[in-house]
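All remarks here apply to the structure that follows.
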Amino acid sequence: MSDAATHALEHHEPVTSTGIPSKKILMWAFLGSDCMFFGTLISTHLIYRKISATVGSTTVDIRNIFDIELTSFSTFILLASSLFMALAVSAIHKGNLTSTRWMLLGTIIFGSIFLACQVYEFTHFVTHEGHELTLSHYQGQDHVFGSTFYVLTGTHGTHVAIGVFWLLGWLVYSFTGKMSTADAMDIECCGLYWHFVDIVWIIIFPVVYLMEYAF
Amino acid sequence: MATESVKYVAPETETKLQNQVFPRPGQHTTGIIDWLTTIDHKKIGFMYGLTALFFLLVGGLEALLIRSQLWNHNLDILNNREYNQMFTMHGTTMVFLVIMPLSAAFFNFVMPLQIGARDVAFPRMNTLSLWCFIAGGITLNLSWFFTGGSPAIGWFGYAPLTDNRFAEVMNDMGPDFWVFSLQILGVASLLASFNFITTIINMRAPGMTMMRLPVFTWMTLVVSFLIILAFPAITIALAELMFDRTYGTNFYDFQEGGKPHLWQHLFWIFGHPEVYILILPAMGIVSEVIPAFSRKPLFGYGLIVFSGVIIGFMGFAVWSHHMFTTGMGIVATSAFAILTMLIAIPTGVKIFNWIGTMWGGRIRFETPMLFALGFITMFMIGGFTGIMHSSVPIDAQHQDSYFVVAHFHYVLIGGALFGLFSGFYFWLPKMTGRLMNEKIGKVVFTLMFIGFNVTFFPMHYLGMIGQPRRTHTYNLGHGFEAWNQIATVGAFVLGIGIAIGVYQFVSSFFDKKLKPAGKNPWDARTLEWTLSSPVKEYNFARMPIIKSRDQAWENNYGPKEKHSEKEPLDDHGVHMPDRSWCPLVTGAGLLTLILGMLFHATKDLETGVVLERDYMIPIIGGIVFIIGIIMWAMEGPGGYHLFPKEDEE
Chain A
1 MSDAATHALE HHEPVTSTGI PSKKILMWAF LGSDCMFFGT LISTHLIYRK
51 ISATVGSTTV DIRNIFDIEL TSFSTFILLA SSLFMALAVS AIHKGNLTST
101 RWMLLGTIIF GSIFLACQVY EFTHFVTHEG HELTLSHYQG QDHVFGSTFY
151 VLTGTHGTHV AIGVFWLLGW LVYSFTGKMS TADAMDIECC GLYWHFVDIV
201 WIIIFPVVYL MEYAF
Chain B
1001 MATESVKYVA PETETKLQNQ VFPRPGQHTT GIIDWLTTID HKKIGFMYGL
1051 TALFFLLVGG LEALLIRSQL WNHNLDILNN REYNQMFTMH GTTMVFLVIM
1101 PLSAAFFNFV MPLQIGARDV AFPRMNTLSL WCFIAGGITL NLSWFFTGGS
1151 PAIGWFGYAP LTDNRFAEVM NDMGPDFWVF SLQILGVASL LASFNFITTI
1201 INMRAPGMTM MRLPVFTWMT LVVSFLIILA FPAITIALAE LMFDRTYGTN
1251 FYDFQEGGKP HLWQHLFWIF GHPEVYILIL PAMGIVSEVI PAFSRKPLFG
1301 YGLIVFSGVI IGFMGFAVWS HHMFTTGMGI VATSAFAILT MLIAIPTGVK
1351 IFNWIGTMWG GRIRFETPML FALGFITMFM IGGFTGIMHS SVPIDAQHQD
1401 SYFVVAHFHY VLIGGALFGL FSGFYFWLPK MTGRLMNEKI GKVVFTLMFI
1451 GFNVTFFPMH YLGMIGQPRR THTYNLGHGF EAWNQIATVG AFVLGIGIAI
1501 GVYQFVSSFF DKKLKPAGKN PWDARTLEWT LSSPVKEYNF ARMPIIKSRD
1551 QAWENNYGPK EKHSEKEPLD DHGVHMPDRS WCPLVTGAGL LTLILGMLFH
1601 ATKDLETGVV LERDYMIPII GGIVFIIGII MWAMEGPGGY HLFPKEDEE
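If you're matching them up, the sequences are chains A and B in order. Letter by letter, the first sequence follows residues 1 to 215 in our numbering. Letter by letter, the second sequence follows residues 1001 to 1649 in our numbering.
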């Protein structure tokens, strides 16, 4: 038996062939699958971005409604939340419950700020005077940009929201008095998910927002 | 399955939190509650198999209706819309509700036994994927009873056939049912695949290295990777379609800037790997059956495994050969044509290796072997026509003709279904503990083999002389009648063969007069044949230590140093996870959510304009779903211990 397996036995964890806990492998497989998920959405957006740049004679300039300062701010917030997440994982591995709790709370708050920015952004875009971007129209004309934009960023927002609820679950659980280093693995999986969602946003932000200013 | 030597002790691991609403069924649960809450991979495999066999009969009846309609020119047994519904439902049912779950049944039952595991890595998640599959089957077939009847868009659902404005029936709900049922079936496949990947990577017995894995397990792994990487594409494509149909987005709406072409790409990025998802499990089964009945080890094990992996990998790079006639341009078309031709190489390697396995072997022509041989020959014919289609100019001629229908039925019936039937005749004795009647088995094979060829071989010719597919009838004077009548007769022979086969499978569960199978009725080679039939609920009393690739064979005939050993009996006994209601609750929540979404909008019956949206039922479904997950997380794996005697397995 390998060292890793013996080590796992001492901690009353099931022995695995690779020594890696099964939950972690499951999470990595899921994230691989989720890459294809967002890959499909992002390619849909990129394909339509060029071929549907104009409707009729009107050239669509989406910069009219983008608020790049706000989005840059919320991007920064989301990236910063990853630091809290990493610290939370580190704290639970060390068995520091108080610190874990605070770091979870920090991640939740930063995630929520990001979501709030997105909600503000969506409502702002839909009602923007003269440049309304809805699911099917831009400035009152049929257009695909709204479809791809809302569905792509909305799917990402849903992922963030699921992450926030997941972390909230851990925060509540930390007050039941049953949380211990035995849960470190589960929180680490949660962290993997959270970092992944962050990384997806690192791709979405330049591809959907910044690119409109460059090309 | 509990035996005398099994005594009950209190679980060592306490559940994290007891919930009073759904107390966990105890160790000795039997009857319906046992089946509803089971997390045993073998019982889940049974339920997958039985449900899929039921849908096989449903899809078969739809096929027979199609064949009856084509008996003669200008018949009206089905009108054109009903005909479209039939081929849509036939295709969707056979792909998603028959071949995939039949493969999943074998994955569930056989794979953990082959790698020496007590169960899959996440037993409760395995149950949830079963319930999601059943929910998807229910959702798809509910479509018959609502506005517009079942979908009439083909199993590929090409845009703009799915566009609301072009629906033949106002407020046609068929495509909505199709979209939602495919989504939930996708959830089922994804969950199962995550589970199988983790199981194969992480739960192998000591000594069971990756290159000692039986080929069937290898193919399970490859197929699981294909599923987790291919299904997201269809999930997004369907989500976009759902937004188009429900909230008026423009993804596939050509009048408002969308491109129907995009749907084809997204669908086939999923759809082509899907073809390999359907065929690779059958290849895995055949790779187990042929060595057993040739009394030789598999020829070129490494090459067969490697070819399977290459097929899976290249399967992602050939999707556009389904779209040669859509005008993608010369470069794209040529590239996909070349890659498609290349993929024939690993497939050919496998076939030669199977032939090499039989070469010089002492071959026994029992039913599983007959189906395996049927697989090789019929799949080769399907493969040859497939290589023909990889040539773009030829494909342009064959496109949308019955030649294509002949091609993919040779691959999917002659290939996948024959392979799966071979698996049934091979492994059912292990599942039920009873041998099936060999004579009936041979009758089934003969009927199926003859019926299948009589049905589909003439279709090559029909396609060449110009009969278009997906067309509900044909006129007098084309000379189509005679061949169509031959095909229809063949279809009924094939149908009878399959029906007898299904009856034989189901009855072998109940028929106590059948001969007991014993541990290894076929003198087969892999680890599952060292266990008693039916397999005990704990699978392995003591963890085996694997010494060679064909462990059951080496134990019987091999040198002493290749015999498997056993880990010493553990004081703690065999740890068994508890049954749970949570997967069922979670699945029911998901089904409610989906049905609620289907009916959430009140529409004007005249114009189809949405008057009101009521999200009450979807929200309730969502809440049940979340409650299910929370209870699931809180109850933990739980568990009890069994103490089987030394060699009671």
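C-beta: ideal position from N, C-alpha, C; glycine also.
Please name the residue, chosen from GLY1419/B, SER1287/B, VAL1493/B, that lies closest to MET1358/B on a Cα-to-Cα basis. Of GLY1419/B, SER1287/B, VAL1493/B, the residue nearest in Cα terms is SER1287/B.
Is there a C-beta anywhere in chain A that falls below 8 Å from the one on ASN1080/B? So no, ASN1080/B is outside the interface.
With a threshold of 16 other CB atoms inside 10 Å of the CB of TYR1557/B, please say whether the residue is buried or exposed. exposed
Is DSSP giving TYR1252/B helix, strand or coil here? Residue state, collapsed to three classes: coil.
For THR1307/B and VAL1349/B, what's the separation of their Cα atoms in angstroms? Note that residue 1307/B is Ser in the sequence shown here, rather than Thr. Roughly 7 Å between the two C-alpha positions.
Can you list, in chain order, the residues of its chain whose CB lies under 6 Å from that of PRO1637/B, leaving out five sequence neighbours each side? Counting only residues of its own chain and dropping the five nearest sequence neighbours on each side, PRO1637/B has a CB closer than 6 Å to the CB of PRO1577.
Cβ pair HIS1572/B, LYS1547/B closer than 8 Å: no
Considering only DSSP beta bridges, list what MET142/A is partnered with. With the sequence shown as reference, residue 142/A is identified as Asp, and Met is not the correct amino acid for it. Note: ASP142/A sits in a beta bridge opposite HIS137/A.
Against VAL126/A, what residues of chain E qualify as contacts under a CB-to-CB distance less than 8 Å, listed in chain order? In summary, chain E is missing from the structure at hand, where the protein chains are A and B.
Along the chain, which unbroken stretches of the alpha helix (DSSP H) at least 4 residues long are found entirely within the segment 1395–1429 of chain B? 1402–1411
Any chain A beta carbon closer than 8 Å to THR1473/B: no
Tell me GLU1565/B's beta-bridge partners as DSSP assigns them. ILE1545/B
CA nearest to the CA of LEU41/A, picked from ASN1195/B, GLY1501/B, ILE1617/B, HIS1265/B: HIS1265/B
Have a look at TYR234/A and GLY1258/B and give me their C-alpha separation to the nearest angstrom. Residue 234/A lies beyond the range of chain A shown here (1 to 215); nothing can be said about it.
Straight-line Cα distance separating ARG1118/B from MET1/A: Residue confidence for MET1/A is low, a pLDDT of 37 falling below 50, so the modelled location carries little weight; the figure read from the coordinates is stated next. When only Cα atoms are considered, MET1/A and ARG1118/B end up about 18 Å apart.
Quick one: using the 10 Å Cβ neighbour count with 16 as the cut-off for buried, is ARG1613/B buried or exposed? exposed
Listed in chain order, which residues of the segment 185–198 of chain A have Cβ atoms closer than 7 Å to some Cβ of chain B? none
Rounding to the nearest angstrom, what Cα-Cα distance links GLU1537/B and ARG1024/B in this structure? Whole-angstrom Cα-Cα distance: 18 Å.
How far does the alpha helix (DSSP H) with VAL1610/B in it reach, from first residue to last? That residue, VAL1610/B, is in no alpha helix (DSSP H); its beta strand (DSSP E) goes 1610–1613.
Take the Cβ of VAL1098/B as the centre, count every other Cβ of all protein chains shown within 10 Å, and call the residue buried at 16 or more, exposed below. buried
For ALA80/A, which residues in chain B fall below 7 Å Cβ to Cβ? Against chain B, a Cβ distance below 7 Å from ALA80/A picks out nothing, because the smallest value is about 28 Å.
With DSSP run on the structure shown, which of helix, strand or coil describes ILE204/A? Three-state result, ILE204/A: helix.
Are at least three pairs of beta-carbons, each pair with one atom in the segment 1060–1079 of chain B and one in the segment 1132–1145 of chain B, less than 8 Å apart? no
Evaluate ALA1176/B with the Cβ neighbour count: other Cβ atoms within 10 Å of its Cβ, from every protein chain shown; 16 or more gives buried, anything less gives exposed. The question names Ala, but residue 1176/B is Asp in the sequence shown. By the neighbour-count rule (16 or more Cβ atoms within 10 Å), ASP1176/B is buried.
Can you check which of these residues, THR1592/B, LEU1611/B, MET1634/B, is closest to TRP1131/B by C-alpha distance? THR1592/B
Taking contact to mean at least 3 C-beta pairs separated by less than 8 Å, is the segment 1370–1380 of chain B in contact with the segment 1432–1445 of chain B? yes
DSSP beta-bridge partners of PRO1516/B: ARG1434/B
Euclidean distance between Cα positions of HIS12/A and ARG1525/B: Since pLDDT at HIS12/A reaches only 47, below the 50 mark, its modelled position is unreliable, and the value read off the structure follows with that caveat. Here the alpha carbon of HIS12/A sits roughly 34 Å from the alpha carbon of ARG1525/B.
Does any residue of chain A have a CB that is nearer than 8 Å to the CB of MET1211/B? no
Can you find a CB in chain A that lies within less than 8 Å of the CB of TYR1247/B? Yes, its Cβ sits closer than 8 Å to a Cβ of chain A.
Going straight from the alpha carbon of LEU1128/B to that of THR1235/B, what length do you get? 18 Å
Taking 8 Å as the CB-CB limit, is ASN1661/B close to chain A? Outside the modelled stretch of chain B, which goes from 1001 to 1649, sits residue 1661/B, for which no answer is possible.
Boundaries (first-last residue) of the alpha helix (DSSP H) holding HIS1641/B: Unbroken run through HIS1641/B is the beta strand (DSSP E), 1640–1642; no alpha helix (DSSP H).
Could I get the ranges of all uninterrupted alpha helix (DSSP H) runs contained in the segment 1212–1274 of chain B, with 4 residues as the minimum, in chain order? 1215–1247
Taking contact to mean at least 3 C-beta pairs separated by less than 8 Å, is the segment 1269–1281 of chain B in contact with the segment 1228–1244 of chain B? yes
Compare the beta carbon distance of GLY1045/B and ASN1141/B with 8 Å and say whether it is the shorter of the two. no
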